[in-house]
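S.K.: Anchor point for the sequence shown: position 28 equals 28 in the numbering used here, and the numbering is continuous, going up by one each time.
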Amino acid sequence: MNTSKTPIRTCVACRQKAAKSTLLRIVRLADRSVGFDGSGNLPGRGAYLCRHTSCFTAAQNSRRLQRALRCDLDEATWIDLARDFNMMCQSGT
Ligand SMILES: [Zn+2]
């Protein structure tokens with residue numbers, strides 16, 4: 001339906017460019033909490049990730065996500081992110 005002007009974003013892990021709608025957005029909110037942004041419209045510093053487990057793992061291991069969000073992510077946050085990531089990947093595109 002909407003074929004015009006698809007915003008393109010870059011995955012922080014593999015650096016592949018893809019349509020924003022196919023990527024997952026992770027956002028750091030003003031209160032410094034970090035999580036997936038299901039709507040894609042939350043205010044805050046955002047980073048994008050493919051829906052591939054390999055990209056999630058790479059982002060975690062390389063600390064690229066922390067660099068993109070300019071904050072440190074503790075273990076509890078990673079556990080939350082991993083759980084949400086698996087949920088969203090299983091629910092399909
Ligand atoms: Zn990727």
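For every residue, glycine included, the Cβ atom is placed at its ideal position computed from N, Cα and C.
Would you mind working out which of R25, Q60, H52 sits nearest G44, comparing C-alpha positions?
M.R.: R25
S.K.: Please list the terminal residues of the continuous beta strand (DSSP E) segment that includes R9.
M.R.: Looking at the DSSP string, the run of the beta strand (DSSP E) that includes R9 is 8–10.
S.K.: Short of 8 Å in beta carbon distance, which residues of its chain neighbour E75, apart from the five on each side in sequence? Order them along the chain.
M.R.: Within the same chain, and ignoring the five residues on either side of E75 in sequence, no residue has its Cβ closer than 8 Å to its Cβ.
S.K.: Which same chain residues, not among the five before or five after T93, have their C-beta less than 6 Å away from its C-beta?
M.R.: At T93, the pLDDT of 49 sits below 50, so the modelled position is not reliable; the number obtained from the coordinates is stated separately. Cβ within range, chain order: n/a, list empty.
S.K.: Residues in its own chain within less than 8 Å of L23 by CB, not counting five upstream and five downstream?
M.R.: R9, C11, Y48, L49, C50, R51
S.K.: Report yes if the CB atom of L69 is closer than 7 Å to the CB atom of R28, and no otherwise.
M.R.: yes
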